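Everything on this sheet refers to the single structure shown next.
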Amino acid sequence: MFRLKVWHIEQTCVFELSWGKGRQLTAKLPFPSILKTHYKRWQSAYIDFYKSKEFQASTLRARVDVSGTMATPEIDWRARLAQAEAELTSEFHHWLSSAELIKIRKEIASGGQPTNNEANPLTQSIDVFLTCDSLELERLPWETWEIGTEFAASSIRLVRTPANIEAETGQRKRQGKMRILAILGDETGLNFQQEREALKDLKPLADITFIGWQKDKATDHLLEDIQQAIANPNGWDLLFFAGHSNETNVTGGELTIAPNQSVLVSEIAPQLLLAKQHGLQFAIFNSCRGLSIANSLISLGLGQVAVMREPIHNRVAQEFLIRFLRQMATYQDVQDTLRLTCQSFKLDKNLTYPSAYLVPSLFRHPDSDPFRLQPFGWKEKLKQWMPTKVEAIALAALVSLSIALPVQNWLLERRVLAQAIYRQATGQLSTTNIPPVLLVQIDEASILQDKIYPVRPISRPYLAQLINQLVKLNAQVIGIDYLLHRHQDGNEQLTQTIKNAVEKHQVAFIFASTLDQDGTWQKPLPTIANPKWSLDGDMDLLDDPVIYARLIGDTPPIKNQPQLLPLSYLLALTQQLKSHKTSRASQTLSKTAGQIDWLNQLKDDLGTTHLLNRRSVFPMRSQIHPITAISYRLNQMWLHPLIDYSIPPEQVYQSIPAYQLRLAHESQSKMKSLEQRIVIIAPGGHLDAGVLEGRDNFLIPQAMQYWHAQKVPPDVRQKWTGGEVHAYMVHNLLNHRLIIPIPALWLIGLVVLCGKGAVLFIRHRRRWYWVLFGGGVTILYGVIGFQTYITAGILLPWLLPILTLWVYILPVLLRRDHYV
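Counting with my numbering, you get residues -13 to 806 for the letters of the sequence shown.
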């Protein structure tokens, strides 16, 4: 946006161009007195022509005081006017082509951007706001100045603005169908019928209200009626006036509203201010000599005002409005509308209405957005909501990323990592000193120190020793994350140890099972895991969608094999029942040797019902939504529960090497309170751990890497074990902490609506507003997402939804419109 001020000081004109951040150019050149002479000669010829026999003086929309020779048939008034017009425009353009202005013209043509080329064709309009300090300069036809033609820049739009502006432009934009108030003044000698019809043609786009003088009707309250109409609280988008008007020095112009009754603009200024507050943006005065009217209204803060600088004939005014409204109906802004209307007068009507194209001018507040009619109706509104080409490409890319599982997993990893950092930074960590799980890991150190053999499959006597130690420490719930499905030396010893723990100490055992490649459950030997004293649980990890689908009954049993509940779930459930006595199983618990009624009752409670519907037994918060089951078939993970790794491991489980259990005195100090804790015996990360060699070691999540890095000294391992995953799953189940992730695709759809809506309804803001808006939403949504994760167990994706928002904000920031 350029501001060009022209000051007339004695015989010199000063041109001052300003743009950007404090950039400006100044030039001085003499004001040719011949230009003033040519203007007066043209003005006289113009009025004489429209006072001629063909154009009766009574139909001019002004009280003409300029003297002119009475028309006679012998004089060709059209030729005389054409000659005067040519002399005026030629001298005017010659003056503006002076060498003193070349820097100013070149800077405007370049759009304010440095260029090494003499030619700089522009692809976007450049607005030049022209201010003249005197009526003598304002009356000149500045709209005909072709500023950038010598530099091949043809998209420069010149618009006028007053030297003094006392109010900000109204920022409020009305919603809904556009409203137009048409004030029809004194119709004596005039005819407004064509203008009425032209305005009525806009009814599909706007509601039209007519008010004004009517024949045979009293005018006592006409001014009050007009004032009330202007100040209507429902607001107007466009104000139209037709009739006689004239310039005044102090009062902002004069409008004739009825025979012998006029109103000054200053008298209706309070109502115009209210109208501006209610949404008025544009005014058209299809009347004569409107320079002071335009200056006063823009000074009041109105966005744009179109006026006639000279007297205008009734027929010309009618034809002007018809063409102007036709252009507006194509949704051109008023600057282009006025330019195209004047161009059509010059090309098509210059013989009929000579020099008429020189008379209209548009004044505009520098902070206003060019007014245009808005489409109305659901089809038009739908078109506004359709994405642009750039938006469509960007959204297609984001949607593709949101449904790509590798991308989803990558983003989830980093989202949970950020959640762990946020949890620690805000101090939202548990204060408990005793984690609910004790993880006894048979690691490489235990294998070496205890001389364990065999390791794979694990030595049964060694397991029996560990269980004896745990029973001495009063453990009540023990999970064995080893597959004990084959015969081996020492099975009898292990069986007897387990039987004694169950019968004498009422210890609950949950043993691991798994599906083989043939779809058959590989369960522990019944001599070890006797159904009378233990339960079998699926050792596969619950964060696998396939396992979850099997868990909720979404896949049929293979070969009619009964479905097993997950190991971690059974551990958590058993601990709940034994600790809190929430079922008949715990209520009927008997410590009589040989009786294990609690286990039979627990099995009866579970029955064949899917676990996620058993809220009365174990109120697990993450009941699988039907959408999740459907998403598995679409190769998606919508609403699939996630393990919460944002919690530091020391609050989830205590891990000790298995060999430490042999040291009873050390164990007593470290293993206290086992009665209220779950114990999991699992491999400890040695290379051959797992049903298949090495399959029990997994890539460590990034959130866990973060927690390990906080230790002193830092834990730098890149793998972690299935036992640790089971421990997290048990902790999450006990604390109802399974996380429900909201699909990024869903939030992208929501942000598309909100982002497009913001651009459509609050787009008329400066660049800093959009920077603050986008930055504020980005930060606020991030904080809300982090806190929602902690308080509600819901994971809101951040990156893709925020990128979607900026798909709409960035084009607004990159636009070169004046308001950004």
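Think of the CB as a built atom: it goes at the ideal place given N, C-alpha and C, for glycine as much as any other residue.
The structure displayed is predicted, hence computed values, not measured ones.
* Quick one: residues in its chain with C-beta nearer than 7 angstroms to the C-beta of Glu86, no 5 flanking neighbours on either side, listed in chain order? => Taken in chain order, the residues that qualify are Ala13, Lys14, Leu15.
* Identify the residues that DSSP records as bridge partners of Ser76: which are they? -> Looking at the DSSP assignment, Ser76 forms no beta bridge with any residue, so it has no partner.
* Nearest to Pro361 by alpha carbon, out of Arg723, His722, Ile484, Asp193? -> Considering only alpha carbons, the answer is Asp193.
* **Boundaries of the beta strand (DSSP E) in which Lys(-9) is found, first to last residue** => Unbroken beta strand (DSSP E) run through Lys(-9): -12 to -5.
* To do: Just the C-alpha distance for Asn220 and Val745, rounded to the nearest angstrom, thanks.
  => So the two alpha carbons sit approximately 24 angstroms from each other.
* To do: For Asn246, name the three-state secondary structure that DSSP assigns.
  => Asn246: coil per DSSP, three-state reduction.
* Asked: Among all the DSSP beta bridges, which residues are the ones paired with Gln427?
  -> For Gln427, which the question treats as bridged, DSSP gives the partners Pro643, Ala668.
* Ala192 - partner residues in DSSP beta bridges -> Paired residues: Met164.
* List the whole-angstrom C-beta distance separating Thr205 from Leu167, where the pair is believed to meet the contact cut-off of C-beta under 8 angstroms. => With a Cβ gap of about 18 angstroms, Thr205 and Leu167 do not count as contacting.
* Tell me whether Arg570 sits in a helix, a strand or coil according to DSSP, three-state version. => Because Arg570 carries a pLDDT of 44, less than 50, the predicted location of this residue cannot be relied on, and no value is offered for it.
* Asked: Skipping 5 residues on each side, what residues in its chain have a beta carbon closer than 7 angstroms to that of Tyr714?
  -> Taken in chain order, the residues that qualify are Ile629, Tyr631, Val638.
* Return the residue from the list Gln179, Gly768, Asp172, Ser341 that minimises the CA-CA distance to Gly198. => Looking only at Gln179, Gly768, Asp172, Ser341, the smallest Cα-Cα distance to Gly198 is reached by Asp172.
* **Nearest residue (CA-CA) to Asn718, options Trp732, Ile728, Ile776** => Looking at the Cα atoms, Ile776 is the closest of the given residues.
* To do: Taking Leu470 as the reference, give the member of Pro443, Glu489, Asn486, His491 with the closest Cα.
  => Proximity to Leu470 across Pro443, Glu489, Asn486, His491 peaks at Pro443, based on C-alpha coordinates.
* Terminal residues of the alpha helix (DSSP H) in which Thr777 lies -> Following the DSSP letters along the chain, one finds Thr777 inside the alpha helix (DSSP H) bounded by residues 753 to 778.
* To do: Answer with buried or exposed for Gly229, where buried requires no fewer than 16 other C-beta atoms within 10 angstroms of its C-beta.
  => Buried, since its Cβ has 16 or more Cβ neighbours within 10 Å.
* **Sequence-distant residues of its chain with Cβ nearer than 8 angstroms to Tyr25 (five each side left out)** => Excluding sequence neighbours, Tyr25 sits near Leu74, Arg125, Leu126.
* Asked: Less than 9 angstroms separating the beta-carbons of Ile664 and Val423?
  -> In this structure, Val423 lies closer than 9 angstroms to Ile664 by Cβ.
* Have a look at the DSSP bridge pairing and note the partners of Asn281. => DSSP, once it has assigned bridges, lists no residue as partnering Asn281.
* To do: Using the Cα positions of Leu551 and Asp522, report the straight-line distance between them to the nearest angstrom.
  => Between Leu551 and Asp522, the C-alpha separation is close to 8 angstroms.
* Terminal residues of the continuous beta strand (DSSP E) containing Glu152? -> Premise fails: Glu152 is in no beta strand (DSSP E) and is neither H nor E.
* **Rounded straight-line distance, which links the Cα of Tyr439 to that of Trp519** => C-alpha separation (whole angstroms): 27 angstroms.
* To do: Drop a sphere of 10 angstroms on the beta-carbon of Val702, count the other beta-carbons inside from all chains shown, and report buried for 16 or more, exposed for fewer.
  => With a 10 Å radius around the Cβ and a threshold of 16 neighbouring Cβ atoms, Val702 comes out exposed.
* Would you tell me roughly how many angstroms separate the C-alpha atoms of Gln213 and Glu253, rounded to the nearest one? => For the pair Gln213 and Glu253, the Cα-to-Cα distance works out to about 9 angstroms.
* Asked: In whole angstroms, what is the alpha-carbon distance linking Leu597 and Leu556?
  -> Note on Leu597: pLDDT 39, under 50, position unreliable in the model; the coordinate value appears next. One C-alpha to the other measures close to 10 angstroms.
* Can you name the residues that DSSP bridges to Thr481? -> None; Thr481 has no bridge partner.
* Taking all protein chains shown into account, do 16 or more other C-beta atoms lie within 10 angstroms of the C-beta of Phe604, making it buried, or fewer, making it exposed? -> Since pLDDT at Phe604 reaches only 41, below the 50 mark, its modelled position is unreliable, and no value is offered.
* Asked: How about Gly476 and Leu553: do their beta carbons lie closer than 9 angstroms?
  -> Cβ distance not < 9 angstroms, so Gly476 and Leu553 don't count as in contact.
* Would you please state the rounded distance, in angstroms, between the beta carbons of Glu377 and Tyr794? I believe it to be under 8 angstroms. => Their Cβ separation, rounded to whole angstroms, is 7 angstroms, which keeps Glu377 and Tyr794 in contact under 8 angstroms.
* What is the residue span of the beta strand (DSSP E) that Gln10 lies within? -> Run containing Gln10: 9 to 16, per the beta strand (DSSP E) assignment.
* Asked: Taking the DSSP output, what are the residues bridged to Asp113?
  -> Answer by DSSP bridge pairing, in chain order: Arg143.
* Check the DSSP bridge columns for Ala269 and list the partner residues they point to. => As DSSP reads the structure, Ala269 sits in a beta bridge with Leu225, Val291.
* **Residues bridged to Ala498 (per DSSP)** => Answer by DSSP bridge pairing, in chain order: Gly523.
* Would you mind sorting Gly580 into buried or exposed? The rule is 16 or more other CB atoms within 10 Å of its CB. => Note on Gly580: pLDDT 37, under 50, position unreliable in the model; the coordinate value appears next. It is exposed - the Cβ of Gly580 has fewer than 16 other Cβ atoms within 10 Å.
* Whether Pro627 touches Ile728 by CB criterion (9 angstroms) -> Cβ atoms of Pro627 and Ile728: not closer than 9 angstroms.
* **Closest Cα partner of Asp113 within the set Leu121, Ala95, Leu123, Ser120** => Answer by Cα proximity: Ala95.
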